[in-house]
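Protein sequence lines, in the order shown, are assigned to chains A and B. Here the first sequence is numbered in the working numbering, starting from 1 and rising by one per residue. Here the second sequence is numbered in the working numbering, starting from 759 and rising by one per residue. Where is the CB? At the ideal position from N, CA and C, for every residue including glycine. On a predicted model such as this, the values are computed, not experimentally measured, just so you know. Read through the structure below, which is laid out as structure tokens, and then see the notes.
There are 2 protein chains.
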Amino acid sequence: MASVQDIVVSAAINLLSALAFLLLFAFLRLQPFNDRVYFPKWYLKGVRASPRSRGPFVKKLVNLDGRTYLKFWKWMPAALRMPEPELIQHAGLDCAVYVRIYLLGLKIFVPVALLAFAVLVPVNLTGKTLEGTKDLTYSNIDKLSISNVPSGSLRLVTHIVMAYVFTFWTCYVLYKEYRIITTKRLQFLASEGRRPDQFTVLVRNVPPDPDETVGEHVEHFFCVNHPHHYLIHQLIYNANNLATLVERKKQLHNWRTYYMTRYERNPKKRPTTKTGFWGLWGQTVDAIDYCTAEIEKISEVEAAERERVTNDPNATVPAAFVSFKSRWGAAVCAQTQQTSNPTVWLTEWAPEPRDVYWDNLAIPYVELAVKKLLMSVAMFFLTFFFMIPIVFVQSLASIEGIEKVFPFLTPLIESKHVKSVVQGFLPGIALKIFLALLPTILMTMSKIEGHTSLSSLDRRSAGKYHLFLFVNVFLGSIITGAAFEQLHKFLNQSPSEIPKTVGVAIPMKATFFITYIMVDGWAGIAAEIIRIVPLIIFHLKNAFLVKTEKDREEAMDPGSITFATNEPRIQLYFLLGLVYACITPFILPFIIVFFAFAYVVFRHQIINVYDQKYESAAAFWPDVHFRVIVSLIVSQILLLGLLSTKNASKSTPLLLVLPVVTIWFHRFCKGRYEPAFVRFPLQDAVVKDTLERATEPNLDLKAYLRDAYLHPVFRPIENEKEPVDDDEENNQVVSTKRTSQRGSKNVSGSVTPDGQRL
Amino acid sequence: MASVQDIVVSAAINLLSALAFLLLFAFLRLQPFNDRVYFPKWYLKGVRASPRSRGPFVKKLVNLDGRTYLKFWKWMPAALRMPEPELIQHAGLDCAVYVRIYLLGLKIFVPVALLAFAVLVPVNLTGKTLEGTKDLTYSNIDKLSISNVPSGSLRLVTHIVMAYVFTFWTCYVLYKEYRIITTKRLQFLASEGRRPDQFTVLVRNVPPDPDETVGEHVEHFFCVNHPHHYLIHQLIYNANNLATLVERKKQLHNWRTYYMTRYERNPKKRPTTKTGFWGLWGQTVDAIDYCTAEIEKISEVEAAERERVTNDPNATVPAAFVSFKSRWGAAVCAQTQQTSNPTVWLTEWAPEPRDVYWDNLAIPYVELAVKKLLMSVAMFFLTFFFMIPIVFVQSLASIEGIEKVFPFLTPLIESKHVKSVVQGFLPGIALKIFLALLPTILMTMSKIEGHTSLSSLDRRSAGKYHLFLFVNVFLGSIITGAAFEQLHKFLNQSPSEIPKTVGVAIPMKATFFITYIMVDGWAGIAAEIIRIVPLIIFHLKNAFLVKTEKDREEAMDPGSITFATNEPRIQLYFLLGLVYACITPFILPFIIVFFAFAYVVFRHQIINVYDQKYESAAAFWPDVHFRVIVSLIVSQILLLGLLSTKNASKSTPLLLVLPVVTIWFHRFCKGRYEPAFVRFPLQDAVVKDTLERATEPNLDLKAYLRDAYLHPVFRPIENEKEPVDDDEENNQVVSTKRTSQRGSKNVSGSVTPDGQRL
């Protein structure tokens, strides 16, 4: 086991590597040719222009101004200085609330750590159980932990009291945070400008009618059942095929541009390609001519398909976006049951147009139920038995396996150097590939489950990933062994035995988790800010594909907060913090450093980099809240298990109160706040309707809504950025501030993140 | 253990006693002086008049017509002959669906029993494991059970296949039944006449307003947020105090009548009473004068209180019944969220006026949450630890305990005869009293939980009672020992061990449960039909309190189906049947006899006796369905446990599929049918609204709804039966049929239950 010295050394190494990352970042971001990688958000907002367009050529590529390097740390205070209301306007509520998760971590753990170090550490340190032992499995860190307290000691009362204090503090912070975020969400929704989704309801499972088309059926149904409120509807075309064609055409365009660039640089040799799969085999042809011909061919097919989809009544799916004359009408329709058969005419709030996941809008009810069952079963096996196929692949991927399948490689592999690399490298690679693919696998599973918006897909995937991390990283690290072995162990142990088994192992794993926090947390966050993959891709694209300013715009990949993978990872730190708060408080400072560092980094990223694909107005908060509650309950049960092995089983009833109260607290919060994330209250709808009727009495809502929910492939290309341009007001506010700032630098509360170069 | 012979003897005894009950019933019901006890429903409908009013005096009391006695079994076919649509009109949908629970039992278990006897019994019988053993713990019945199959035998495949067949059959029957009952409910709601609850929504947690009274606040809120739909509202007065006064006055009236009757019969001696508690001590006074004076006093107080409640704005509670101009408006308001704070302005469908539980309409949100927490904790302790206080009381109720508390009783108790009675009788009585009080205790707990209608109170109490019976009767009989000992055992056993422990014990308890079914089921149902308690009470009241025909009307106690206790008891038979279907099929015929007998008896009772307090349109069916599913899953898990001890652990994955599929089936049914029991679809509302607007364009809805939701104490006494008279149409139909029947006896499909005497 690692001693305090080991931990300090490890912490120093990790801090230094994080610092190196940060220095690298500070250097890279100051280079003008990286500007679009580190400040894409501002380009998309139209506030920032390409630095290449002004000044001498060298200056366009490299920053030669030495003074700016001295202020390399400036981005940190800059990231913190933008006030939250401006942040919400600038990056949306999703982003602003996402960074509040880190803030929540700080709010919970800073007081907990102070209290733990003031009370628990002295109590543990003077426990003296481990004083005389020469047992090598204990380290200095364990002297600070509950392991140092003798069994049955009265000192354990402190831990129980602290468990109460920590629980109540966590609940208090969670409650306040839920309230704040609910208020923010309601304010955000209330202050939003007019948006199509406020008036629109997604209707699924329209039953077939022998005499009417889907469109007529929808219109008649809503005219009858929402007589004074129905306005228009938008049919949904089955355009998956068309979308594939459009995508393929775009790829071919890219290839042609690439070949033409190559030809321009080296006019002596016309580039060639092969007609077969991925250009790997087949007839060799002139690449530029081939691409042009293919594009023409595909354009024709696309035009025909477009024609077919728009005119063929069978190309519509039995679902529609139905719009109402008022927000009140839409709110009513979204929240009520339409017919006595609850499996048809299902209504729900329409996601905003960019948030729609078009492929899932037309799944019949029974099929959906079966798919959900299959996915839960699959999730169970994925969580507990994923090691089995990996072990199998690993056995194939051994030297012998390769020699069997590819006998011609034998002489190469058998050479000594190659062999050692293969042996050291291959067994791990299957697992690494699996873990890298995991978020995609989970997202695919969520897609099969049939959710209709990107935001709900993200939320569902996050839930699955959280379960996987909890079982395989947290439990898997504590009780070493594959998950299915744990499952077998748990099934054959009594329910009161499980917390004991896990609880006893927990103090011993503290040093492991400290290292984990430093490697995965600290270094991971530092790597996030460098954006190494987008950096490389941008420069590759820039070299080969970019011809015009518009191409360069498209070559930028601002990315977005990948909620589905990031949030469950944060939850792991909440779990570790809450579990170890009473047991080994020494871990808490590491977690606090993680939260603080991540808060600054992600605040910087959402201000300068990320461009969210959708805006769900913090619809994910109930999930975040729920998972912290789960962590809290896990921590209480594990403490209970640990204490019952310390001859303190009399404390069991006292500790059992905690999970009951915590569950009750969760239900209370759920009832009190969750509806604000699910439904739109009528009163708010009436307020907005009334205001709009007074300010814009002549609004032509029908024209406004007509094409709002058109499938993206039907949109004219210049309209593609419409949703962003839509809230002009917001944009104006931001750009006004930015412009005014260029004039007077001292406008308080709105400092540019790249102030030093202006 | 009991052998087949023992069971046959026991069955014969129980059959004979049931037969004796039935003969007694046949005799009693033919006596005219019992007519109001056995046919109160017809009196309440106004179809039947008192038999005393016609014919010679003796004939009014005793039935002297010998021929009618010969046809004593006639009530059975008569009970079965009324077709279901007429039954629904006559007794309401609740009753009609309630007897369908017994029918569901028959539908499930008759085919299951046939199949089990055709397949499983031969397989078990030829198993020959128990052939040679002299083990006395096995009986002949066990030769028909799975115990007779050797461990690890291939014969166990039959049991697994049968488990699949039984599961699929049960699910199929449940699915069909759910569909039928959903259709019936929707038809019932659609065919109902105009009723106040169709237009009305119960609004709770009206937030306080400094400038407005509750009434003004409600009116303004709904005028703004449901602008074209709001009609009127009815404030709710805090009339609990007044209701107590009214109740007390009624009691005093009864006492005065009682004393006056006594005085009439014995004019020489004026009855006296004492002024103290329950007339047990205090000053002796003339009883009639005392009662009259008391009534006068209380009338004055009541008038003052009535005045205060109606005029004092503080006497209203922050809740109201809000009525709308159309069913559509009410459906919308009931299903939507009104404001951004989901703890105020809570709306739900108003229960029908007789169904309202007035005391619970004004509980603040936080208080409600706390109460629910306390009640779940209380329910946990009640279920698992109820034996502890009873054992304590029993120890007090011993000879020594009594001698300590009441030393003066010592000489009496110490006498030999008394002592033996006390010793034999007292220990059991605490448990008996507890079990008799249990439904009341559970109902009180449900009331504390804050449900607002009698029907929901009944449903919640049934859920609690089901849990109690499952733990204490089913599990408690299988694993002997008090529930908290079981709990302790379960907590210290592995999850895979629990089904084994219980599973192994199951075949051995078959004979016990057969006896239980005969005693509790067969004899219990036979006792139900005699109505011994209402019979005695009616004759007591008749002797002392009845003066006028109206008094006699009130002395009748038709009673009602006590759903809260009866339904969980039925569920116990479902559980036994499903658990034993694969293990000891010999139990199935006993269960089938129970269901068949109960079906006939309860059909007779709902036709002739019960008068439901409310009509919830079968709102309880989702609960019934859910509990049968729970029984099914329990049976699958126990079979799994049993088989894994029979060296058939390879079958575990095969059997694990069953609970997963069953849970999925339940979720599917829930999604498909449950909304019909919770919400009122807009389409149905539109249809009814449109029809009404066309047929009655000049309806004054405001006048119709004005006093519909008045607290019962404010209703004029002659109006008390209004809800029944309300659906005049229905009444007309029934009475028309009845009347026409008196003329021509052969109208098919509508036979009088008392045909023989007409």
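- Residues of chain B whose Cβ lies closer than 7 Å to the Cβ of N225/A are, in chain order, L1440, Q1441 and V1444.
- Chain order gives the chain A residues near R1437/B as Q337, where near means a beta carbon separation below 7 Å.
- By the beta-carbon neighbour count (other beta carbons within 10 angstroms, threshold 16), G951/B is exposed.
- Bounds of the alpha helix (DSSP H) holding I637/A are W621 to S644.
- Between the C-alpha atoms of S461/A and L442/A there is a straight-line separation of about 6 Å.
- In this structure, S768/B sits near M1276/B, with a CB-CB distance shorter than 8 Å.
- When the Cα atoms are used, V1231/B and V1392/B turn out to be separated by approximately 15 Å.
- Collapsing the DSSP output to three states places F324/A in a strand.
- If you compare the alpha carbons of S1318/B, K1299/B and A1322/B with that of E1312/B, the shortest gap goes to K1299/B.
- Annotation for Q338/A: N225, W345 and T347 place their beta carbon closer than 7 Å to its own, counting only its chain and skipping 5 residues before and after.
- Within chain B, no residue has its CB atom less than 7 Å from the CB of P653/A, the nearest being about 12 Å off.
- Contact annotation: S145/A and A685/A have beta-carbon atoms that are not nearer than 8 Å.
- Within the region 1083 to 1119 of chain B, the alpha helix (DSSP H) runs of at least 4 residues that lie entirely inside it are, in chain order, 1085 to 1093.
- By the neighbour-count criterion, in which a residue is buried when 16 or more other Cβ atoms sit within 10 angstroms of its Cβ, T662/A is buried.
- Taking all protein chains shown into account, C333/A has 16 or more neighbouring C-beta atoms within 10 Å of its C-beta and is therefore buried.
- Among the residues facing chain B, W664/A is included, as its CB has a counterpart in that chain under 8 Å away.
- When Cβ-Cβ separations below 8 Å define contact, N492/A makes contact with chain B.
- Residue range V879 to L883 is occupied by the alpha helix (DSSP H) that includes V879/B.
- Counting along the chain, no alpha helix (DSSP H) covers V964/B, and no H or E run does either.
- Look at Q1329/B here: in three-state DSSP terms it is helix.
- Less than 8 Å divides the Cβ of V600/A from the Cβ of A79/A.
- Ranked by Cα distance from V919/B, the options A1452/B, R962/B and V1415/B are led by V1415/B.
- Rounded to whole angstroms, F385/A and G476/A show a C-alpha spacing of 12 Å.
- Interface criterion not met: the Cβ of G503/A is under 8 Å from no Cβ in chain B.
- For K1308/B, the enclosing alpha helix (DSSP H) stretches over residues E1307 to A1313.
- Using a Cβ-Cβ cut-off of 9 Å, A369/A is close to W1422, R1425, F1426, G1429 and R1430 of chain B, given in chain order.
- In chain order, F1142 place their CB closer than 7 Å to the CB of L1245/B, counting only its own chain and leaving out the 5 sequence neighbours on each side.
- Look at L989/B here: in three-state DSSP terms it is strand.
- In the DSSP annotation of this structure, the continuous segment of the alpha helix (DSSP H) that includes V377/A starts and ends at Y365 to F385.
- Per DSSP, the unbroken alpha helix (DSSP H) holding V915/B starts and ends at L914 to S949.
- The shortest C-alpha to C-alpha distance from S651/A to any of P83/A, L106/A and H159/A is the one to H159/A.
- Note on geometry: alpha-carbon atoms of L640/A and L156/A lie some 11 Å from one another.
- CA-CA distance, A596/A to P111/A, rounds to 14 Å.
- Taking 7 Å as the cut-off between beta carbons, the residues of the region 337 to 351 of chain A near chain B are Q337, Q338, T339, S340, P342 and T343, in sequence order.
- Given a length threshold of 4 residues, each whole run of the alpha helix (DSSP H) inside the region 421 to 507 of chain A is given here in chain order: 454 to 469, 483 to 491 and 497 to 505.
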